[in-house]
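Below is one structure, written out as structure tokens; the observations come after it.
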DNA sequence: AATTACAAACAAACAAGCCTGTTTGTTTAT
DNA sequence: ATAAACAAACAGGCTTGTTTGTTTGTAATT
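Residue numbers (my numbering), protein chains in the order written: chain A, 27 to 263; chain B, 27 to 263.
Spelled out as structure tokens, the structure:
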């Protein structure tokens, strides 16, 4: 005799359903695009009805903004975790660049590209997402500030380098929509990593901390796969 | 008695109408976005009927691809002209960076952002624009190859620097959708220009061509306005 | 423990609006 | 007279938010 499953509370049901909807929304943002997906698509992908969807989110715009917030909060948490790791065990610019590339390339910036036009043209929508975007940037800042502190680089300078890194990565992923060329992107990423190593090494030289040997330890980043992923077939998180 | 205006030939009428339509399409791509503008909007902005629009372009997708091609060909022509200028009178990395920033910031990449999602999800559309995108990149290559030749930098290396420059600029403009901060963008651009000057100056040092004085002449770029333009109110070309 | 009333979560149907490509009609050039 | 360029009307489909209906959890009462 199969035991009766426990009843979920209303709160649990809500949390379940909204999480399914948010995840389905991000999947579809990535795989289909903001304007090519409908609320019907979202509901179907989440395995709920449109009535349930509109019960929890009163408009398409609202559910999209909520899904984006959810995704960015996850990413921000990962950044703070990395900053903590650097504080405890140290880190390298290579590792940071690799982590950022993987994060942005593993859907985050692909999804962002899908909603940038909406953010440009829809003031309400933009206002809804800006708070979490700023939290995300605070997370980025925390990572690079930790590295700067560790190697004695000026925080201001480290932040400029971080911003340049992020812009480069955004630009690369944007370009991937029309350029399918893994070798090209890998070369660019390696060029950038070398630049970053130099920046943090140069500053080391300016402060009587480093030695020629420190060059090796700072260059221990491993080569990551640098091919941007195009139309993602990946559905799992 | 007012003189009768000359009759336009059918060919002239076609050229007129299609040019109006292409320009209207780019304006609307920039100001409203690909998915927020309709063929009715385009026809109205061009001052023609929807029947005329569909006579010349059989679908919305076709007119958008044609407008993008038109825009990119203009930009490519500008690049080749700049390369010619460098060949004849020389040039600096500062001037090139400023030119590229202005070109991308003066609508080109804003318009690109509007169609990147479509290119990601619509294979037919992407195939239609890729040829002109590649011509555009050939134009970019010609500019940086001229500069490389002028200062004795390896062409391969110059092209890596160019690609990094372009990605950085793309990333900056992409970020401008959610960040309204002219100071930030100006600092980033200045940082990059200094990096480029060093790259071309360093290579000079490696070849017994330059002198300490050449540092000044290479750094004569003027500061451009680095604030990305947001919702463009500009209508003129 | 069973029943009742109520609220929340969920589903299905409705209806209006918008957009696109197609068809029909008019004007202009040859 | 004919073809090309242009305009206006047609019609079908899709999407969205709204309304109506059903199911599930919760608390109070018997």
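Just so it is clear, CB atoms sit at the ideal spot from N, CA and C, and this is done for glycine as well.
Check	Outcome
Closest residue to residue 87(A) among 176(A), 196(A) and 64(A) (Cα-Cα distance)	64(A)
Range of the contiguous alpha helix (DSSP H) that encloses residue 119(B)	119-129
Distance between beta carbons of residue 199(B) and residue 136(B), contact taken as under 8 Å	7 Å
Secondary structure of residue 115(A), DSSP reduced to three states	helix
Residue-chain proximity (residue 226(A), chain B), Cβ-Cβ < 9 Å	no
At least three beta-carbon pairs within less than 8 Å, the segment 103-121 of chain A to the segment 102-119 of chain B	no
Cross-chain neighbours of residue 96(B) in chain A, by beta carbon under 9 Å	The premise fails here: residue 96(B) is roughly 17 Å from chain A at the closest Cβ pair, so nothing lies under 9 Å.
Residue 90(A) vs residue 144(A) beta-carbon contact at 9 Å	yes
Chain A contacts made by the segment 162-189 of chain B, where a contact means CB separation under 8 Å	186 and 189
Span of the alpha helix (DSSP H), counted from its first residue to its last, around residue 53(A)	36-57
The segment 182-190 of chain A in contact with the segment 155-174 of chain A per 3-pair CB rule at 8 Å	yes
Rounded Cβ spacing between residue 34(B) and residue 74(B) (contact assumed at less than 8 Å)	Incorrect: roughly 14 Å between the Cβ atoms, too far for contact.
contact_flag[the segment 197-212 of chain B, the segment 127-142 of chain B] where n(CB pairs < 8 Å) is 3 or more	yes
Per-residue contacts from residue 218(B) into chain A (C-beta, under 8 Å)	190
Neighbourhood of residue 234(A) by C-beta distance below 6 Å, restricted to the same chain and skipping five residues each side	Bear in mind that the predicted position of residue 234(A) carries a pLDDT of just 41, short of 50, making it unreliable; the figure below should be weighed with that in mind. The answer is none, since no qualifying residue turns up.
Amino acids of chain B, ordered along the chain, whose beta-carbon sits closer than 9 Å to that of residue 209(A)	Under the 9 Å cutoff, chain B gives no residues; its nearest Cβ is about 12 Å from residue 209(A).
Three-way DSSP call (helix, strand, coil) for residue 60(B) in this model	coil
Contact list for residue 134(B) against chain A, beta-carbon separation under 9 Å	Neighbours of residue 134(B) on chain A: none; closest Cβ ~13 Å, over 9 Å.
Beta-carbon proximity check, residue 264(A) vs residue 97(A), cutoff 9 Å	No answer is possible for residue 264(A): the residues shown for chain A start at 27 and end at 263.
Short CB-CB distance (under 9 Å) between residue 222(B) and chain A	no
Residue 158(A) versus 92(A), 50(A), 72(A) and 61(A), residue with shortest Cα-Cα distance	92(A)
Chain-ordered residues of the segment 141-160 of chain B with a beta carbon less than 8 Å from chain A	142, 143, 144, 145, 146, 147, 152, 155, 156 and 159
Residue-chain proximity (residue 201(B), chain A), Cβ-Cβ < 9 Å	yes
Closer than 9 Å to chain B by CB, residue 34(A)	no
Residue 160(A) versus residue 100(A) - alpha carbon distance	14 Å
Of the listed residues 206(B), 204(B), 105(B) and 183(B), nearest to residue 213(A) (C-alpha basis)	183(B)
Residue-level contact to chain A via CB, residue 214(B), 9 Å cutoff	yes
With 16 other Cβ atoms within 10 Å as the buried cut-off, status of residue 36(B)	exposed
First through last residue of the alpha helix (DSSP H) which encompasses residue 153(A)	149-177
Chain A within 9 Å of residue 68(B), Cβ atoms only	no
Integer Cβ distance of residue 133(B) from residue 56(B), believed to fall under 8 Å	5 Å
Neighbour-count burial assignment, residue 149(A), 16 or more Cβ in a 10 Å radius	exposed
Where residue 280(A) falls, given that 16 or more other Cβ within 10 Å makes a residue buried	Past the edges of chain A, shown from 27 to 263, lies residue 280(A), and the structure says nothing about it.
Contact set for residue 109(B): own chain, Cβ-Cβ below 7 Å, skip 5 residues either direction	168, 169 and 172
Proximity below 9 Å, CB of residue 78(A) to CB of residue 43(A)	yes
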